[in-house]
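Chains as they are written, first to last, in numbering that gives the first Met the number 0: chain W, 0 to 338; chain V, 0 to 338.
Positions of the beta carbon are idealized from the N, C-alpha and C atoms, including for glycine.
Protein chains: 2
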Amino acid sequence: MLNDRKKKILQIIIEDYISTAEPVGSRTIARKGDLGLSPATIRNEMSDLELLGFLEQPHTSAGRIPSAQAYRFYVDSLIEPGLLTDNDMALIDGWYSERKRNIDEIFHSTAKILSRMTHNVSMVVANKSSTAKFRYLKFLPLDKNKAIMCIVTDNGSIDNCLVKIPLGMQHEELEYLAGRISKQFEGKALNEIDEKEFAGVYKNISQDKTLFASLTKAIRNLANNNEQKIFLGGAKQILNQPEFRDVERVKELLSILEEEKMVKDLLSAEGDSGLKVTIGTENAFTGIHDCSMVQATYRLNGEIVGTMAVLGPTRMEYGKVISVMDYLHKYLETILKNK
Amino acid sequence: MLNDRKKKILQIIIEDYISTAEPVGSRTIARKGDLGLSPATIRNEMSDLELLGFLEQPHTSAGRIPSAQAYRFYVDSLIEPGLLTDNDMALIDGWYSERKRNIDEIFHSTAKILSRMTHNVSMVVANKSSTAKFRYLKFLPLDKNKAIMCIVTDNGSIDNCLVKIPLGMQHEELEYLAGRISKQFEGKALNEIDEKEFAGVYKNISQDKTLFASLTKAIRNLANNNEQKIFLGGAKQILNQPEFRDVERVKELLSILEEEKMVKDLLSAEGDSGLKVTIGTENAFTGIHDCSMVQATYRLNGEIVGTMAVLGPTRMEYGKVISVMDYLHKYLETILKNK
DNA sequence: TGTTAGCACTCAAAAACAACGAGTGCTAAC
DNA sequence: GTTAGCACTCGTTGTTTTTGAGTGCTAACA
Numbered sequence: 000m001l002n003d004r005k006k007k008i009l010q011i012i013i014e015d016y017i018s019t020a021e022p023v024g025s026r027t028i029a030r031k032g033d034l035g036l037s038p039a040t041i042r043n044e045m046s047d048l049e050l051l052g053f054l055e056q057p058h059t060s061a062g063r064i065p066s067a068q069a070y071r072f073y074v075d076s077l078i079e080p081g082l083l084t085d086n087d088m089a090l091i092d093g094w095y096s097e098r099k100r101n102i103d104e105i106f107h108s109t110a111k112i113l114s115r116m117t118h119n120v121s122m123v124v125a126n127k128s129s130t131a132k133f134r135y136l137k138f139l140p141l142d143k144n145k146a147i148m149c150i151v152t153d154n155g156s157i158d159n160c161l162v163k164i165p166l167g168m169q170h171e172e173l174e175y176l177a178g179r180i181s182k183q184f185e186g187k188a189l190n191e192i193d194e195k196e197f198a199g200v201y202k203n204i205s206q207d208k209t210l211f212a213s214l215t216k217a218i219r220n221l222a223n224n225n226e227q228k229i230f231l232g233g234a235k236q237i238l239n240q241p242e243f244r245d246v247e248r249v250k251e252l253l254s255i256l257e258e259e260k261m262v263k264d265l266l267s268a269e270g271d272s273g274l275k276v277t278i279g280t281e282n283a284f285t286g287i288h289d290c291s292m293v294q295a296t297y298r299l300n301g302e303i304v305g306t307m308a309v310l311g312p313t314r315m316e317y318g319k320v321i322s323v324m325d326y327l328h329k330y331l332e333t334i335l336k337n338k
Numbered sequence: 000m001l002n003d004r005k006k007k008i009l010q011i012i013i014e015d016y017i018s019t020a021e022p023v024g025s026r027t028i029a030r031k032g033d034l035g036l037s038p039a040t041i042r043n044e045m046s047d048l049e050l051l052g053f054l055e056q057p058h059t060s061a062g063r064i065p066s067a068q069a070y071r072f073y074v075d076s077l078i079e080p081g082l083l084t085d086n087d088m089a090l091i092d093g094w095y096s097e098r099k100r101n102i103d104e105i106f107h108s109t110a111k112i113l114s115r116m117t118h119n120v121s122m123v124v125a126n127k128s129s130t131a132k133f134r135y136l137k138f139l140p141l142d143k144n145k146a147i148m149c150i151v152t153d154n155g156s157i158d159n160c161l162v163k164i165p166l167g168m169q170h171e172e173l174e175y176l177a178g179r180i181s182k183q184f185e186g187k188a189l190n191e192i193d194e195k196e197f198a199g200v201y202k203n204i205s206q207d208k209t210l211f212a213s214l215t216k217a218i219r220n221l222a223n224n225n226e227q228k229i230f231l232g233g234a235k236q237i238l239n240q241p242e243f244r245d246v247e248r249v250k251e252l253l254s255i256l257e258e259e260k261m262v263k264d265l266l267s268a269e270g271d272s273g274l275k276v277t278i279g280t281e282n283a284f285t286g287i288h289d290c291s292m293v294q295a296t297y298r299l300n301g302e303i304v305g306t307m308a309v310l311g312p313t314r315m316e317y318g319k320v321i322s323v324m325d326y327l328h329k330y331l332e333t334i335l336k337n338k
């Protein structure tokens, strides 16, 4: 489709634009890429590339900038994998060595390091109950009226909430109840537990309606509402990008990021594994039609545990971002596996 | 110190400036405040107020804006309590009715509603272990090699982390261990547990060094690092304030907000209860010397459980912010008490 | 003695204008 | 096919002008 020279020129333009955010002119290319061509020749090629939809001109007397199509092409065919520097890897290793106390913290740190290394906003969505399977339930008594209900799932995470204990109920009864419920629900994905099953347990066990109601509600809550946790990182980073020098633009982006539902939708994990890059209008929301997103889903024993993503202007360092995410991705799966 | 007329004029200036963000001129005051005075008279008064340090002039041909001293005076003596509208109260009530599943969520929602209602950044810092007292420890087994260690504290919250179980150790042994540790540490504030005490437990109980080491580390972690949780709300809101129309300004603020340590320092809860307003240079960091902060500490049974704060430009709707926080404050204590 | 109309003055912000220069497209020569 | 040369475009930058909101001062008034 494109001959080698065009490809080379396109690549130079893209990479120059990515690093400078300024439209690229023919002189610059002649100087930088040692193609042994004069600006005039390059101009002809650029003119062709524009006709083919790879370049755009902000206005006549400016250089040219890559189109969405160009980025797509760049990501698909031009980009070379590009390993991380030892420095970067050491940074990541060191970063986690102190920050893997619990799962939440791991995700939180991931979001942080991700944004710090890519200079863009990062999002980490941890799928919880949706895939997690119920293992058992336990009450940790607090006092006569209250206990903490802990639900342990098979991915080693734990959810808890407070429940009120009916007057006079003994701890032994609670324990018994926990055992029965555990047996009933064991191995079920949290979000699969439906009304019918609750009803089943209800019939079998509980005399106390209020307790049971609050239990049901609590489990329901854990399963449905709490099913994904979102960690964001580095809104600050994006302010360094010239495309966000305008506050209005930042506001648009933040509106999306602060709306949990939107973030979830954005990252609704695709089935396939590996990295996924969405560019410009490929993104779901109009507010980020001039942004690109690189996302990766990570899994544990085949199950999707979460998704991480980097969001920034289409003029993004795809190479760097992809290699950082690739490294983090594998790294994360290892950490989680050893948990 | 100031006669009534000066007070009245000052108040009008402050409130006008708060709502418009434009320097206030004598004409405006004559029109708005029905003092029956001509602009000329008001000009004389304003001139006095400037001499007294209450007003500043951005430049000769502009109106005047309140000084930090003026805001201080306003907050201390001029402001009238100003109740929330029924509408606002209903909003808050409705907001919580669906969002009080667990403590984290309550704090999170608080940060959100706070920023939404005040149009400023909000921060909620939840003190955890520092004041919380150790109640008991429990292991929730996962498989042969792993268990979740839960530490229940007297404020009804729970912290957990994964620990590895030495090969061959039985669950009964763990239970026993948990019992011993619980007995040893019961009633102690988490951050008071020091090396000596660990050593004491160690001598009494454990044969296994690795398990013990990881236990120590885990408890230490919970006590030290995890002692406060921070919830932020509404960075977006602040972008609507004209003083943050400049991205550089926003970056400065975000640098502080994204640094957990700084937020904690900022809110390092003062002993006294009630609301505290810091204006301009009264704030700890130079990055927010043109901001004001309204904070409230909330308590449970006399113990400080956390702090919430609203941070925005000095030109802040103090009246609204204070009444929102006041309402939330009491509201929160009630919710937490009933937990 | 306090209040006010009148007026000259100030100065930031907006508008209008000029000069610059990076970059292009086209043509003609190599 | 490549390239030097040149006229042309148009955003950016800098300068000047205009505008108008607001002030301080003075003198007159109640």
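Within 10 Å of its beta-carbon, does Asn282 of chain V have 16 or more other beta-carbons around it, so buried, or fewer, so exposed? Here residue 282 of chain V is taken as the residue at index 283 of the second sequence, counted from 1. Result: buried.
Within chain V, partners of Ile157 of chain W - CB distance below 8 angstroms: On the first sequence, position 158 is the one that residue 157 of chain W refers to. Chain V residues near Ile157 of chain W: Leu139, Ile147, Cys149 and Asn159.
To the nearest whole angstrom, what separates the beta carbons of Ala110 of chain V and Leu231 of chain V, a pair I think is in contact under 8 angstroms? Counting from 1 along the second sequence, the entry for residue 110 of chain V is found at position 111. Counting from 1 along the second sequence, the entry for residue 231 of chain V is found at position 232. Rounded, the Cβ-Cβ distance is 6 angstroms, consistent with contact.
At the level of alpha carbons, what is the spacing between His328 of chain W and Ala234 of chain V? Translated into the one-based positions of the first sequence, residue 328 of chain W becomes position 329. Translated into the one-based positions of the second sequence, residue 234 of chain V becomes position 235. Distance between the alpha carbons of His328 of chain W and Ala234 of chain V: 29 angstroms.
Looking only at DSSP bridge pairs, what is Thr306 of chain W linked to? Mapped onto the first sequence, residue 306 of chain W falls at position 307. Bridge partners of Thr306 of chain W: W:Val124 and W:Thr296.
Bounding residues of the beta strand (DSSP E) (the contiguous stretch that carries Met148 of chain V): Along the second sequence, one-based indexing puts residue 148 of chain V at 149. Element bounds for Met148 of chain V: Lys145 to Thr152.
Best match in W:Glu44, W:Gly286 and W:Lys31 for proximity to Asp3 of chain W [C-alpha to C-alpha]: Within the first sequence, numbered from 1, the residue matching residue 3 of chain W stands at position 4. Measuring from the Cα of Asp3 of chain W, the nearest candidate turns out to be W:Glu44.
Restricting to Cα atoms, I'd like to know which of V:Ile278, V:Arg244, V:Lys228 and V:Gln236 is closest to Glu258 of chain V. In the second sequence, the residue the question calls residue 258 of chain V occupies position 259. For Glu258 of chain V, the nearest C-alpha among the options comes from V:Lys228.
Would you verify that the beta carbon of Val246 of chain V is, or is not, closer than 8 angstroms to some beta carbon of chain W? Reading the second sequence from its first residue, position 247 is the one you call residue 246 of chain V. So, interface residue.
First and last residue of the beta strand (DSSP E) that includes Pro140 of chain V? Counting from one through the second sequence, the residue named residue 140 of chain V turns up at place 141. Pro140 of chain V -> beta strand (DSSP E) spans Phe133 to Pro140.
Can you find a C-beta in chain W that's less than 8 angstroms from the C-beta of Leu1 of chain V? Residue mapping note: residue 1 of chain V aligns to position 2 of the second sequence, counting from 1. Not one chain W Cβ lies under 8 angstroms of Leu1 of chain V.
Are Val55 of chain W and Arg42 of chain W close, meaning C-beta to C-beta below 8 angstroms? As a working mapping, residue 55 of chain W is identified with position 56 in the first sequence. As a working mapping, residue 42 of chain W is identified with position 43 in the first sequence. First, the residue type needs correcting, since residue 55 of chain W is Glu and not Val in the sequence shown. Against a cut-off of 8 angstroms, the Cβ pair of Arg42 of chain W and Glu55 of chain W comes out as no contact.
With 8 angstroms as the threshold, decide whether the Cβ of Ser66 of chain W is near any Cβ in chain V. As a first step, residue 66 of chain W is located in the first sequence; it is residue number 67 there, counting from the start. No, its Cβ sits nowhere closer than 8 angstroms to a Cβ of chain V.
Partners in chain W for Lys235 of chain V, counting only beta-carbon separations shorter than 8 angstroms: For the purposes of this step, residue 235 of chain V is identified with residue 236 of the second sequence, where counting begins at 1. Going along chain W in sequence order, the residues near Lys235 of chain V (Cβ under 8 angstroms) are Lys250, Leu253, Ser254 and Glu257.
Is Asp153 of chain V closer than 8 angstroms to Lys132 of chain V when the C-beta atoms are compared? By 1-based counting over the second sequence, the position of residue 132 of chain V is 133. By 1-based counting over the second sequence, the position of residue 153 of chain V is 154. Contact: yes.
Interface residues of chain V facing Leu238 of chain W [CB-CB closer than 9 angstroms]: Residue mapping note: residue 238 of chain W aligns to position 239 of the first sequence, counting from 1. Val246, Glu247, Val249, Lys250 and Leu253, listed in chain order.
Per DSSP, Ala212 of chain W forms a beta bridge with which residues? By 1-based counting over the first sequence, the position of residue 212 of chain W is 213. Answer is none; Ala212 of chain W lacks a bridge partner.
Could you tell me whether the region 279-298 of chain W touches the region 314-326 of chain W, where touching means 3 or more Cβ pairs closer than 8 angstroms? yes
In the DSSP assignment, find the alpha helix (DSSP H) that holds Leu161 of chain W and state where it starts and stops. Here residue 161 of chain W refers to the residue found at position 162 of the first sequence. Note, Leu161 of chain W: premise wrong, no alpha helix (DSSP H); beta strand (DSSP E) at Ile157 to Lys163.
Helix, strand or coil at Lys187 of chain W according to DSSP, with G and I counted as helix: For this step, residue 187 of chain W is matched to residue 188 along the first sequence. The answer is coil: DSSP assigns Lys187 of chain W none of H, G, I, E or B.
Given 8 angstroms as the limit, is there contact between the region 170-184 of chain W and the region 172-185 of chain V, that is, 3 or more CB pairs closer than that? no
With C-beta atoms as the reference, is Val162 of chain W less than 8 angstroms away from Leu139 of chain V? Position 163 of the first sequence, counted from the first residue, corresponds to residue 162 of chain W. Position 140 of the second sequence, counted from the first residue, corresponds to residue 139 of chain V. No; because the gap between Cβ atoms is not below 8 angstroms, this pair is not in contact.
Please state if the CB of Ile334 of chain V and the CB of Gly286 of chain V are separated by a distance shorter than 8 angstroms. Mapped onto the second sequence, residue 286 of chain V falls at position 287. Mapped onto the second sequence, residue 334 of chain V falls at position 335. No.
Rounded distance between the beta-carbons of Leu238 of chain W and Val262 of chain V, thought under 8 angstroms: Looking up residue 262 of chain V in the second sequence gives position 263. Looking up residue 238 of chain W in the first sequence gives position 239. Wrong, their Cβ atoms sit about 18 angstroms apart, outside the cutoff.
For Ser291 of chain W, which three-state DSSP category applies? Translated into the one-based positions of the first sequence, residue 291 of chain W becomes position 292. Strand, per DSSP.
Within a Cβ cutoff of 6 angstroms, which residues of the same chain sit near Thr277 of chain W, ignoring the five residues on either side of it in sequence? Working through the first sequence from its first residue, we reach residue 277 of chain W at position 278. Excluding residues within five positions, the ones whose Cβ falls inside 6 angstroms are Met292.
Which residue's Cα is closest to the Cα of Gly32 of chain V: V:Thr306, V:Ala20, V:Ser46 and V:Ile13? The sequence position of residue 32 of chain V within the second sequence is 33, counting from 1. The residue with the shortest Cα to Cα distance from Gly32 of chain V is V:Ile13.
Coarse secondary structure for Gln227 of chain V, derived from DSSP in three states: The sequence position of residue 227 of chain V within the second sequence is 228, counting from 1. Strand at Gln227 of chain V.
Nearest candidate by alpha-carbon position, reference Ala295 of chain V, set V:Glu332, V:Gly279 and V:Glu316: Counting from one through the second sequence, the residue named residue 295 of chain V turns up at place 296. For Ala295 of chain V, the nearest C-alpha among the options comes from V:Glu332.
Let me check understanding here. Comparing Cα to Cα, which of V:Ser213, V:Val74 and V:Leu136 lies closest to Gly186 of chain V? For the purposes of this step, residue 186 of chain V is identified with residue 187 of the second sequence, where counting begins at 1. Out of V:Ser213, V:Val74 and V:Leu136, V:Leu136 has the C-alpha closest to the C-alpha of Gly186 of chain V.
Pull up the CB-CB distance for Tyr16 of chain V and Arg314 of chain V, whole angstroms please, since I reckon it's below 8 angstroms. Indexing the second sequence from 1 puts residue 16 of chain V at position 17. Indexing the second sequence from 1 puts residue 314 of chain V at position 315. About 6 angstroms; that satisfies the 8 angstroms criterion.
Straight-line Cα distance separating Ser108 of chain V from Gly5 of chain V: By one-based count along the second sequence, residue 5 of chain V stands at place 6. By one-based count along the second sequence, residue 108 of chain V stands at place 109. For the sequence presented, residue 5 of chain V should be read as Lys rather than Gly. Cα to Cα, the separation comes out at about 41 angstroms.
Starting from Ile278 of chain W, follow the beta strand (DSSP E) in both directions and report where the run begins and ends. The count along the first sequence starts at 1 and reaches residue 278 of chain W at position 279. Note, Ile278 of chain W: beta strand (DSSP E), Leu274 to Ile278.
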